[in-house]
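Peer 1:
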Amino acid sequence: MIMEAVHNNAEWCQAMCRAHGRPGTFGPRAWTSDRRTPLYYPDAVTLTAEASVRDVLDGIDRSAPGASVKDGFATLDLAGEGFQPLFEAQWIHRPAGLPVPPVDASWRHVRTPRELTAWATAWSGGDPDEAALFRAELLADPATRIVGGYDADGRIVGGAVLSASARVTGVSNLFATEGTDPAAAWAGCLGLVDDDRPVVGYESGDDLPPALSLGFRETGPLRVWLDTASDSGS
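Take a look at the structure:
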């Protein structure tokens, strides 16, 4: 299931980059972008455990520091290339057909640019630069569904991105506003996933237990590396 989670995540990265007018390229062992990717998104994602350093670094822009590589199998060592580990996490998988507990908020799809702006503002905590990451082009992507939870007064209390690939649905960018149980946000978005599809994603630290409490299990590690060098020839 790690392979499916990795590929699903790479396809979501591609969708985000495409929405910003700069899609990347899928190779046999890695997805890469030769232009710098949007905020928080990797410049390369390994697609197999056999991916090499050159598979990821030869396809990305290193003309300035800040490029990142998501090693989906935590097997690469990029320290000698001027990179440092940024964070580690666990891929997670939830089998199809598990029951989802009821939630208090009303969860539904975000369908209009105005709704997306409100969703992105809640996701970012009001940071306009971060909110600008989510462009209206995402609403036209048939594989991408942005969902939000609303209280009785219409305030957004949580949200997530659901990205469909061949065999699984991925959950990313999940958030819960202050005072909202993260497990309730997980339950809300899971309620909008087709029950005949497994669900995948990744989490770390305090964000992992709420997912595990709803039937996810850990399936393997990933590691994200950050380029701290400025020499494109490194």
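Per the numbering used here, residue 931 is the first one in the sequence shown, and the count goes up by one each step.
Note that beta-carbon positions come from the ideal geometry of N, C-alpha and C, so glycine has one too.
As the structure is a prediction and not an experimental result, all values here were calculated from the model.
Are the Cβ atoms of residue 990 and residue 997 separated by less than 8 Å?
Peer 2: yes
Peer 1: Helix, strand or coil: which one does DSSP assign to residue 999?
Peer 2: strand
Peer 1: So, under 8 Å CB-CB, residue 947 and residue 971 are touching, yes? Tell me the CB distance rounded to an integer number of Å.
Peer 2: 7 Å
Peer 1: Relative to the alpha-carbon of residue 950, which residue among 968, 1155, 985, 1034 has its alpha-carbon at the smallest distance?
Peer 2: Selection 968, 1155, 985, 1034 evaluated against residue 950 yields 968 as nearest (Cα-Cα).
Peer 1: With a threshold of 16 other CB atoms inside 10 Å of the CB of residue 1134, please say whether the residue is buried or exposed.
Peer 2: exposed
Peer 1: Enumerate in chain order the residues of its own chain whose CB-to-CB distance from residue 1041 is below 8 Å, with the five nearest sequence positions on each side excluded.
Peer 2: 1069
Peer 1: Under a Cβ-count criterion, where at least 16 other Cβ atoms within 10 Å of its own Cβ denotes burial, should residue 955 be classed as buried or exposed?
Peer 2: exposed
Peer 1: What ranges does the alpha helix (DSSP H) occupy inside the stretch 1119 to 1150, keeping only unbroken runs of at least 4 residues that lie completely in it?
Peer 2: 1138 to 1142
Peer 1: Under 8 Å: do the stretch 1010 to 1026 and the stretch 1044 to 1056 share three or more Cβ pairs, one atom per stretch?
Peer 2: Using a Cβ-Cβ distance cut-off of 8 Å, the stretch 1010 to 1026 and the stretch 1044 to 1056 are not in contact, since fewer than three pairs of beta carbons, one from each stretch, lie closer than that value.
Peer 1: From the DSSP secondary-structure annotation, give me the bridge partner or partners of residue 1017.
Peer 2: 1154
Peer 1: Measure the beta-carbon distance from residue 1002 to residue 976 and round it to whole angstroms, keeping in mind my assumption that it falls under 8 Å.
Peer 2: The Cβ separation is near 5 Å, so the contact holds.
Peer 1: Quick one: what does DSSP say residue 1068 is sitting in, helix, strand or coil?
Peer 2: helix
Peer 1: Terminal residues of the continuous beta strand (DSSP E) containing residue 1094?
Peer 2: 1086 to 1094
Peer 1: Around the Cβ of residue 1059, are there at least 16 other Cβ atoms within 10 angstroms (buried) or fewer (exposed)?
Peer 2: So residue 1059 ends up on the exposed side.
Peer 1: Where DSSP assigns a beta bridge to residue 971, which residues make up the other side?
Peer 2: For residue 971, which the question treats as bridged, DSSP gives no partner whatsoever.
Peer 1: Identify every residue that forms a DSSP beta bridge with residue 1078.
Peer 2: 1038, 1089, per the DSSP bridge assignment.
Peer 1: Where residue 1101 and residue 1119 are concerned, what is the direct C-alpha to C-alpha distance, given to the nearest angstrom?
Peer 2: 8 Å
Peer 1: Let me know if residue 1088 comes out buried or exposed under the rule of 16 or more other beta-carbons within 10 Å of its beta-carbon.
Peer 2: buried
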